[in-house]
Amino acid sequence: MASIKKIYSFSNKRNIWRLIPSEYGYLVIEERDLKSKQVYFNCLKTEDGKVYFKDFQLEEKYWIGIENIYKNMIFFHKFRKPDMPGHRGIYVFDILSQKLIWQNDDLIFLLVKDDKIYAYQPTFEGRQYFLLDSITGEIIKDLNAELDEINKLREESIRNDFVNSFLFLKTFNPNEANSDVVEIISRSLADRKILGSIKWLKLYDYFMFSFNEENSNGTFSSYFKVFDIVKNKIVMNETLNSKSKNLVFESFFISGELLFLLVEKTKLVVYRIIQ
40 MASIKKIYSF SNKRNIWRLI PSEYGYLVIE ERDLKSKQVY FNCLKTEDGK VYFKDFQLEE
100 KYWIGIENIY KNMIFFHKFR KPDMPGHRGI YVFDILSQKL IWQNDDLIFL LVKDDKIYAY
160 QPTFEGRQYF LLDSITGEII KDLNAELDEI NKLREESIRN DFVNSFLFLK TFNPNEANSD
220 VVEIISRSLA DRKILGSIKW LKLYDYFMFS FNEENSNGTF SSYFKVFDIV KNKIVMNETL
280 NSKSKNLVFE SFFISGELLF LLVEKTKLVV YRIIQ
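Residue numbers (the numbering used here): 40 to 314.
Dropping the structure here:
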């Protein structure tokens, strides 16, 4: 019989902007303060919540983001211009030593594989591609003659096994869902006034779903429920957001056997689901 158990939670009482699990066992939490224009990075051990570092900031306090996490390294980028999506630069931070080990202000990260970084530099003619050592940042060779191989590697990186371990939310459609899904949701939400779509997924004996309702003051609340198919009843009921100005949909996901819940946009709660 399956079981579900809370294993840890994390909160700095700041808005969690992005959660980045890594196949190497790290979970990086990006928090952004929109008023003060400050971004903070935190790193936990995904399995048990052990804190590697908290409140880390680079020299650039806001216009910075994460490209990838590879082994013990986090690859940061700056932006070409504030409020613009284009990336600029590669800044490599070692999680264990908690130091910036190298940087390149001119190149743009593409992907990392086998301890090598594939990067490029924009030119008037298009792009100039390079292969770099991930540890030192040293340019190993020019890659412009290998564009077909680069495109192949990009496609492989999108389809890797770690990405495939995620269960992505489905949108409930009574005309397309099977009868069991329709019956569970209809019975569980019979007296609720749902706004927007219902998001759901299933793992082992658990059927999980979230939905929104409007409050009397015009704000919205979102809820998360777990229905145990064997016990034929709701076994978990959580309020994810209360008094939100907007409908909230993407507040939970599953990676492997771990369930991640984002509560009030500022708190992460992680559960383990065991078959």
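Beta carbons: idealized from backbone N, C-alpha and C, even for Gly.
Query	Result
What are the boundary residues of the beta strand (DSSP E) that includes asparagine 81?	77–84
Restricting to runs no shorter than 4 residues, where is the alpha helix (DSSP H) found entirely within the stretch 191–245?	200–203 and 218–227
Quick one: grab the DSSP three-state call for asparagine 254.	coil
Can we count alanine 229 as close to the ligand SAH, meaning its CB is less than 6 Å from some heavy atom?	No copy of the ligand SAH appears in this structure; indeed no ligand is present at all.
Could you give the residue range of the beta strand (DSSP E) that holds valine 269?	Segment: none, valine 269 is in no beta strand (DSSP E) and carries neither H nor E.
Please report how far the alpha carbon of arginine 119 lies from the alpha carbon of glycine 125, in whole angstroms.	6 Å
Kindly indicate which residue of Asn183, Thr305, Tyr159 and Met112 has the alpha-carbon position closest to the one of arginine 127.	Tyr159
Let's see if you can read the secondary structure: which residues bound the beta strand (DSSP E) around phenylalanine 163?	First-last for phenylalanine 163: undefined, no H or E at that position.
Is the number of C-beta pairs between the stretch 246–263 and the stretch 280–290 that are closer than 8 Å three or more?	yes
For phenylalanine 148 versus tyrosine 130, is the C-beta spacing smaller than 7 Å?	no
Pick helix, strand or coil for isoleucine 189, following the three-state DSSP scheme.	helix
Assuming serine 294 and phenylalanine 205 are in contact, meaning their beta carbons sit under 8 Å apart, how far apart are those beta carbons, in whole angstroms?	5 Å
Quick check on isoleucine 179: buried or exposed, where buried means 16 or more other Cβ atoms within 10 Å of its Cβ?	exposed
Does asparagine 18 come out as helix, strand or coil in the three-state DSSP assignment?	The structure shown does not extend to residue 18, since the chain spans only 40 to 314, so no value can be given for it.
Do you know offhand how far glutamate 323's Cα is from serine 48's?	Nothing in the structure corresponds to residue 323, since the chain is present only between 40 and 314.
How far does the beta strand (DSSP E) with arginine 311 in it extend, from its first residue to its last?	306–313
Thinking C-alpha only, which one of Leu97, Leu240 and Leu297 is nearest isoleucine 140?	Leu97
Keeping to the same chain, check which residues put their C-beta closer than 6 Å to that of lysine 100; ignore five residues upstream and five downstream.	Gln77
Figure out for me which residue from Trp239, Ser50, Phe263 and Trp56 has the closest Cα to the Cα of phenylalanine 207.	Trp239
With C-beta atoms as the reference, is leucine 300 less than 7 Å away from phenylalanine 288?	no
If you compare alpha carbons, which of Leu73, Pro60 and Tyr157 is closest to asparagine 81?	Pro60
For asparagine 107, does the three-state DSSP call read helix, strand or coil?	strand
Given that a residue counts as buried once 16 or more other Cβ atoms are within 10 Å of its Cβ, and exposed if not, what is tyrosine 63?	exposed
Just to confirm before moving on: does the CB-CB distance between phenylalanine 266 and isoleucine 223 stay below 7 Å?	yes
In this structure, does DSSP put asparagine 183 in helix, strand or coil?	helix
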